[in-house]
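Protein chains in written order, with the numbering used here: chain A, 1 to 532; chain B, 1001 to 1621.
We put the beta carbon where it would ideally sit given N, CA and C, even for glycine.
The structure under discussion appears below in the form of structure tokens.
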């Protein structure tokens, strides 16, 4: 089993390399077969790992193995394994990777061979992030995935691709550097001398870092990782970057790679820097509300479809950040669930938006309209994707958003009210987009386009990635326990110290009288185990 | 078949039908109709079977749906007497409307999509009815919003339909914004959202109740049951096909709000009920007045629906207010009116559908006329619906309206008189509609050539007409519904028992006579509009709700969005980014200045760096 994790990283890398090395005039069939294997095998492995993990009923890391990469002097080695937080995200990487791969193969791009090779390298990095518990390698795989992103945007991107790629590179490198400083700080400031997450949390639970140090390090992580996840006001790279990026890159980045920052915050920041998290949570919450309300409002004003979807994706990061900032088991579990759900729905929307744009030959929603008559299937899919994105029950996103709302009540009721207002905002821009694109009569400009290029509805090849993502959203929307059980088991392990710390830090805050019995129970056990 | 299996199949069948239609039958309208109709018929049959044998204590079973941290939500079914009433209404009226629509949608190219939407609606609505906890109920609540959105926007090439669909969804989401806060608050306050547990905790413990929770849950009702000030979406929703208006926007979905309140009646403390009763009463009377100036047959019925929903809401609030003083009439009175209203309003809408279908989609009543001889069956059944709605004794509407007036009289005299006047207004505008449509002469060729529709459309009309007459007699219902529909319905006591019906009959008859007097001989123009232009225009303004909202959206929200977008582009994106690029350059300049080559300086900087690191680690003491 543990080998499977390694295979899931190596397969895309190897197939990518093979594609790269093969001669230029490769038959398309061979090229697509190689790429399909490169994306398909990790997806299948991810599914198996995910199902096995959830079936195990465990909370800690499973399928553990340790591969010496010659850096053990520094306490670094490739430690493979997944827990309840990384397992669903590992599955997410597999699914979105496969969907993005198929989308890439369907699209007509120049130098397709190189493009697919780079995309496979990116996929390899993504599988890596969520299948190791060595902090160094989590970061390392992130970089492996990030670098091809820049190249692909700069070479294969759309409008203003150079500038967008440049901006994204500078911004994200800056964020990555800040967070690297924070991660190295954790490593350097204790005497364990290891990047191993399991031993680190065991070690730091006994000898926690000093409060001030925790605060500084968590601050570095909040802002460093915040930049990577487009936390307000460090989001400017995202809309421009995504709207310039080729679709499959936008799918993979917005869907999966962007989750790295949130993942590191939950998987590394919360268990290792508990007190730091408490002291930053209010700031983080305020910035997250910036994502929800300010960016939400900005999204309503967008006229370019891809820009709108990019801004919407930035907005939804606010919910996840709020869930993390709540620092209770409901909020953090909800954040992880929403990361998973948002990954699917964001990828789906980016995927569908390029189908729309290809047919309308326009970026602007004002120039579309009435497309539903010509492409009913595309309209149906797009509407479903939009509904998923605005958190309609039945799709996975609903559970994530709902539990985040619920978690905020105990911490900051005002934040909760403001956050829930987000459901109105997203409904406004979501439905406006649907009706602007598909309903009503064709605009004159669209009619001219249609005269010259009669549109067809989605081809079967185009439908495959869409169906893959949509079905995943529905499955986890109808049967959330598939993921939620293991998520909440693991987060409860992580949060155990946190909720206790928050109580200590905010002793003055009144405890609600009527919280349910189980909670007082768990709070008691926290109090018992947390004093050292 | 066990009852558990039956209940689950009520949910599975329509979902399955919707899924099959969406995935395989998009282009085969006829088969799609068959699938959807079969599912509706089965659900209706299963419901009858289920309710005949429903045990007194109801049926309750559930399984864990999700567990996220301390949040635990069940997927469960609770079929008790309250939900049994609505279940019967939804599946039975739902089936009749499915049947009616077979003929109505015959020429519709997107027939499959239409029936898929209907099945999706049946699935979501049944979910609301059976949900055993508030979170699950909310999930289906939103899904009902989705199906309503899809069906209002069915004629998607019409910009007005697309706009109305958006409006319905967004206004409902505004209501749900409050509802969601209420659910969260409820969860933290009572530690559960399970209906049975909630009743055990909150039922009868008035001090435990929080008015805030009740009013926030009522926000959901404001949206879904279209109470003021969130009523604006319902008249616009008439853009949808008429069977949809009958099913969703008259008989069932809009009643979901009333049902929700009845489902959690134990959560409402007195203060909240006072507020709610006023909202209901104001909606009842104002919407009644708004109906007077409408010329579109469906819009008249829509405002009438708003007004009747106001009765139900007020009836619930006042009756439950009474329950704090001993008896428990709120749920009974409002559910009773919900049921009879579902029958006669569905009848009226389908009657309107029958007319619209026969007159090639003419909806302006002043273009109609003379249909009495051309469509005799529609005429008779429509007349029964009108009489039932006006509250003429011997028909169902009389009994249920009487129940509401009765609790109103006991609890709040002002509201009682408002509702009484409202009843007169109802009789007035319905007489106007009836007279103008059926009497006189046809104004257009299509109306003149109108012929009675075939039996597929008439059979549902006849069945609904039967129920509009007899729905006040308990034998038309399965035995298990009798407790809630009979025992908990208020009856006037003492002297009231004599004069209350007399007064309300007198008011209704006055309304009818006045209507006949004003509109009896109208031609293509509205006599009221001609004779009292000022008053007509004032009522026709509908108190400028829509204007105010569109001002907020277009003149406030949109400019703010544009402004923030500009700010984001210029300040955060432009200045921030370019600024930080400039900043880095500046930093470079400064740093170059520091590179002096003098070791002493470097030691100095090094010490400074150490101090900074120290502050980061140890803080400033």
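Using a Cβ-Cβ distance cut-off of 8 angstroms, determine whether residue i contacts chain A.
i, result
"residue 1199 of chain B", "no"
"residue 1216 of chain B", "no"
"residue 1156 of chain B", "yes"
"residue 1162 of chain B", "yes"
Using a Cβ cut-off of 9 angstroms, pull out every chain A residue sitting near residue i, in sequence order please.
i, result
"residue 1129 of chain B", "Within chain A, no residue comes near residue 1129 of chain B; the closest Cβ sits about 16 angstroms away, beyond 9 angstroms."
"residue 1525 of chain B", "Simply none; closest approach about 32 angstroms."
Out of the options, point me to the one whose CA is closest to residue i's CA.
i, options, result
"residue 1537 of chain B", "B/1483, B/1616, B/1290, B/1278", "B/1290"
"residue 1116 of chain B", "B/1128, B/1150, B/1330", "B/1150"
"residue 1559 of chain B", "A/229, A/198, A/302, A/471", "A/302"
"residue 1281 of chain B", "B/1413, B/1345, B/1205", "B/1413"
"residue 29 of chain A", "A/51, A/106, A/89, A/100", "A/106"
DSSP three-state label for residue i, please.
i, result
"residue 1239 of chain B", "helix"
"residue 506 of chain A", "Note that residue 506 of chain A scores a pLDDT of 49, beneath 50, so its modelled location is shaky; the value from the coordinates is reported in the next line. It is coil, neither helix nor strand."
"residue 1106 of chain B", "coil"
"residue 189 of chain A", "coil"
"residue 364 of chain A", "strand"
"residue 409 of chain A", "helix"
"residue 1064 of chain B", "strand"
"residue 387 of chain A", "helix"
"residue 1252 of chain B", "coil"
"residue 62 of chain A", "strand"
"residue 132 of chain A", "strand"
"residue 1473 of chain B", "coil"
"residue 1548 of chain B", "helix"
Which residues in chain B have a C-beta closer than 7 angstroms to the C-beta of residue i? List them in chain order.
i, result
"residue 328 of chain A", "1069"
"residue 357 of chain A", "Those do not exist, as residue 357 of chain A stays about 20 angstroms from chain B at its closest Cβ, beyond 7 angstroms."
Give me the chain A residues within the contact set of residue i, using Cβ-Cβ distance strictly less than 8 angstroms, ordered along the chain.
i, result
"residue 1166 of chain B", "431, 432, 435"
"residue 1568 of chain B", "236, 294, 295, 298"
Using a 10 Å radius around the Cβ and a threshold of 16 neighbouring Cβ atoms, would you call residue i buried or exposed?
i, result
"residue 224 of chain A", "buried"
"residue 68 of chain A", "exposed"
"residue 1482 of chain B", "exposed"
"residue 348 of chain A", "buried"
"residue 162 of chain A", "exposed"
"residue 1169 of chain B", "buried"
"residue 55 of chain A", "exposed"
"residue 1354 of chain B", "buried"
"residue 1070 of chain B", "buried"
"residue 1596 of chain B", "exposed"
"residue 1376 of chain B", "exposed"
"residue 1531 of chain B", "exposed"
"residue 1224 of chain B", "buried"
"residue 1693 of chain B", "Only positions 1001 to 1621 of chain B appear in this structure, which leaves residue 1693 of chain B out of reach."
For a cutoff of 8 angstroms on Cβ pairs, would you count residue i as touching chain B?
i, result
"residue 3 of chain A", "no"
"residue 485 of chain A", "yes"
"residue 301 of chain A", "yes"
"residue 266 of chain A", "no"
"residue 298 of chain A", "yes"
"residue 283 of chain A", "no"
"residue 157 of chain A", "no"
"residue 454 of chain A", "no"
"residue 111 of chain A", "no"
At 8 angstroms on the CB atoms, spell out the chain B contacts of residue i, in chain order.
i, result
"residue 399 of chain A", "1066, 1068"
"residue 280 of chain A", "Within chain B, no residue comes near residue 280 of chain A; the closest Cβ sits about 14 angstroms away, beyond 8 angstroms."
"residue 80 of chain A", "Within chain B, no residue comes near residue 80 of chain A; the closest Cβ sits about 27 angstroms away, beyond 8 angstroms."
Give the residues of chain A in contact with residue i, contact being defined as C-beta atoms less than 7 angstroms apart.
i, result
"residue 1173 of chain B", "423, 424, 427"
"residue 1562 of chain B", "301"
"residue 1142 of chain B", "392, 393"
Using a C-beta to C-beta distance shorter than 9 angstroms, which residues of chain E count as neighbours of residue i?
i, result
"residue 1618 of chain B", "This model lacks chain E altogether, as its protein chains are A and B."
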